[in-house]
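Worksheet: one structure, shown below.
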Amino acid sequence: NPTQVGTALQVFHNLGTLKNTIANVVDGYCAVLEENIKNALDIKVLTQPSQTVTRGGPGRAAMPTPGNTAAFRAALWTNMEKLMDQICAACGQVQHLQKVLTKKRDPVSHVCFIEEIVKDGQSDILYKFWTAVTQTLSSQFQSATDSSMFLKQAFEGEYPKLLRLYNDLWKRLQQYSQNIQRNFNTNGTTDLFAELQQMEEDTQDIFMQKNQDYDPEKALKDSLQQYEAAYLSKSLSRLFDPINLVFPPGGRNPPSSDELDSIVKTIASELNVAAVDPDLSLAVAKNVAKTIQLYGVKSEQLLSTQGDASQVIGPLTEGQRRNVAVVNSLYKLHQSVLKVITNQSSFPAAAEQTVTTALKAVHDLMGSAVQPLLNSVGDSVEAIIITMHQEDFSGSLSSSGKPDVPCSLYMKELQGFIARVMSDYFRHFECFDFVFDNTEAMAQRAIELFIRNASLIRPLGEGGKMRLAADFAQMELAVAPLCRRVSDLGKSYRQLRSFRPLLFQTSEHIASSPALGEVIPFSIILQFLFTRAPPELKSPFQRAEWSIARYSQWLDDHPSEKDRLALIRGALEAYVQSVRTREGKEFAPVYPIMVQLLQKAMSTLQ
């Protein structure tokens, strides 16, 4: 009751003993709490089956009898809850006393009582009380756990429980501060508090304000640090143990599904228990990230990197089979842990970020595990496509006006190879999305190489055009096994569709096609127009005396349009030079169209 406390303070003030009385009261609270803490942690009391405490014989250590540990733990946690109530009650009384001191003024001198106490350099009484209590907590906990292994094990093993009690205490103290604030504001109608209506920020107590130099919550939790460190260390062991168990030295196979489930369950359990506190969640999330890294390192050691891991000629080798199993196991871990963190209700963002970063490394490892195989398949696809230049596309149209065969030999081979690779190798991976993400990139590359080589075919007769057009249609079927839907391939797919009709259009038509620059790069179209010129107008690779394979490599090394157009310009300039040298009267009809296109292409680069 603020009014009664105020009256009592006035009496002590009149007697001139206000300061000493307050100091005695606060010291009294501190002494009582110290006694409470000692009793709560008294191992003798905790280990007695009945409440009558008998003195142990000389040299007898107090410890729970075997089979009685559960009862001991239960008694300990009951004591701890009671202790938190006692701390909270004492704190409330000191907060209340401080609040009244802050508000109450002497009716004669109008001096605020708190100023009387503070003037000799005394800090506020709540601060003094709280420092004393938190220091006592630290020292008493330290000495109690130093002298009793059972207490130490209880606090370390069930640290989250202890932390939750502390967090609840802290919440209650803050709540009490807010309530006291509100009560003083609403009860301000009595004569005594009439002048105290206005609420100043600086009268907030330490549990409400954030002070630069002193963090009361940190002071409270400082007594827990050693138990947290021990708990986190044990938590890391619990996370690492199942992994070290399922990757024995010299082992050749990744963990089974059940073994992986048990690892994921451990991860989920550690995160769930730590959910009582955001800081603990983050610390355990860092442990989980280390666990995921360990799984990655152990899995990487199983991967086969020998030549047989990337062969694409025969059936799956032993090494390839193991690599598939490792990737599948990494994928399961990735998906399961992702599910665990999605199901965490109040997971701090920083903790989620920590685990997600570790999972990204797992995903990257999956990528590097399949890369040798992908490279081999890519190389083979390129080797097959480039054999189109060994076929003859110079023929004229047959009498029926249709191509003699539905598609060329190289296209048949390509379709067969891709279908076989998907069923022999990639079908065994369980991570379909991951596989498609990688094979779709391969499909885009295959289309790019196909268009590149198709645009270089020289000479190209009317019959050849029909067959090449059929190959364009068949190319969609060839890359279909590599993707979810061919139309998902985006720009590559649009290029494939847009290029096919250009085979039959006049050069003027081609030059004005809306697909130019937008869908199909200018350099590809210019390359294609060389096939319509006389042999004297040499293609860039012919002028440089390169093989088509070498030219293709050069194009890969020079992806920028600027470099490619410069090479084409060189070929056109060489042609002009040769015509002038032989004193020719005119250029090939396609030449001015190509020059115009080249200028248009260069202007778009500006």
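When the letters of the sequence shown are read in order and numbered with the working numbering, they come out as residues 164 to 769. Every residue gets a Cβ at the ideal spot worked out from N, C-alpha and C, and that includes glycine. The structure displayed is predicted, hence computed values, not measured ones.
| query | result |
| --- | --- |
| Alpha carbons only, please: which of 511, 201, 614, 517 is nearest the one belonging to residue 305? | 201 |
| Go ahead and label residue 486 buried or exposed: buried means 16 or more other beta carbons lie within 10 angstroms of its beta carbon, across all protein chains shown. | buried |
| Taking the alpha carbon of residue 344 as the reference point, which residue from 255, 665, 556, 409 has its own alpha carbon closest? | 255 |
| Quick check on the burial criterion: 16 or more other C-beta atoms within 10 angstroms. Buried or exposed for residue 625? | exposed |
| If you measure from the CB of residue 207, is any heavy atom of the ligand NAD nearer than 7 Å? | In the structure shown, the ligand NAD is absent, as is every other ligand, since no ligand is present at all. |
| Kindly indicate which residue of 299, 311, 576 has the alpha-carbon position closest to the one of residue 634. | 576 |
| Near residue 649, what residues of its chain come up, given a Cβ to Cβ distance below 7 Å and the 5 sequence neighbours on each side ignored? | 639, 642, 643, 656 |
| Measure the beta-carbon distance from residue 757 to residue 692 and round it to whole angstroms, keeping in mind my assumption that it falls under 8 Å. | 5 Å |
| Select from 243, 252, 270 the residue whose C-alpha is nearest the C-alpha of residue 174. | 270 |
| DSSP three-state label for residue 683, please. | strand |
| I need the boundaries of the alpha helix (DSSP H) containing residue 484, first residue and last residue. | 481-505 |
| Put residue 646 into one of helix, strand or coil per three-state DSSP. | coil |
| From the DSSP output, in three-state form, read off residue 268 for me. | strand |
| Rounded to whole angstroms, what is the Cα-Cα separation between residue 319 and residue 268? | 49 Å |
| Give the single residue among 206, 571, 689 whose Cα lies nearest to the Cα of residue 239. | 206 |
| Reducing DSSP to helix, strand and coil, say where residue 193 ends up. | helix |
| Starting from the Cα of residue 326, find the closest Cα among 751, 439, 549, 181 and give me that residue. | 439 |
| Whole angstroms is fine: what's the gap from residue 437's alpha carbon to residue 339's? | 27 Å |
| Using the C-alpha atoms, what's the distance from residue 287 back to residue 357? | Note that residue 357 scores a pLDDT of 38, beneath 50, so its modelled location is shaky and nothing firm can be said. |
| Can you give me the Cβ contacts of residue 176 inside the same chain, cut-off strictly under 8 Å, excluding the 5 residues immediately before and after it? | 269, 276, 279 |
| Let me check one thing: in DSSP terms, what residues is residue 275 bridge-paired to? | 268 |
| I need the straight-line Cα distance from residue 477 to residue 404, nearest angstrom please. | 39 Å |
| Run the CB neighbour count on residue 363, radius 10 Å, all protein chains shown included, and call it buried at 16 or more, exposed below. | Only weak support exists for where residue 363 lies, its pLDDT of 39 falling under 50; the value from the coordinates is given anyway. The residue is exposed, with fewer than 16 neighbouring Cβ atoms inside 10 Å. |
| Quick one: using the 10 Å Cβ neighbour count with 16 as the cut-off for buried, is residue 767 buried or exposed? | exposed |
| Considering residue 573, what are the terminal residues of the alpha helix (DSSP H) in which it resides? | 572-587 |
| Might you give, ordered along the chain, the residues of its own chain that have their beta carbon closer than 6 Å to the beta carbon of residue 591, omitting 5 neighbours on each side? | 487 |
| Pairing CB atoms from the segment 377-386 with CB atoms from the segment 447-466, are three or more of them under 8 Å? | no |
| Quick one: Cα of residue 312 to Cα of residue 203, how far? | 16 Å |
| How many whole angstroms separate the CB atoms of residue 617 and residue 544, which I take to be in contact at a CB cut-off of 8 Å? | That pair is no contact at about 15 Å. |
| Under a Cβ-count criterion, where at least 16 other Cβ atoms within 10 Å of its own Cβ denotes burial, should residue 258 be classed as buried or exposed? | buried |
| Between the beta-carbon of residue 637 and the beta-carbon of residue 585, is there less than 8 Å? | no |
| Sorted by chain position, which residues of the same chain lie with C-beta nearer than 6 Å to residue 422's C-beta, five sequence neighbours on each side aside? | 409 |
| Per DSSP, what kind of secondary structure is residue 328 in: helix, strand or coil? | helix |
| If we ignore side chains and look at the alpha-carbon of each, how far apart do residue 168 and residue 260 end up? | 8 Å |
| Looking only at its own chain, which residues have a Cβ that is under 7 Å from the Cβ of residue 537, when we skip the five neighbours before and after it? | 601, 605 |
| Leaving out five residues before and five after residue 499 in sequence, what residues of the same chain have Cβ atoms less than 6 Å from its Cβ? | 427 |
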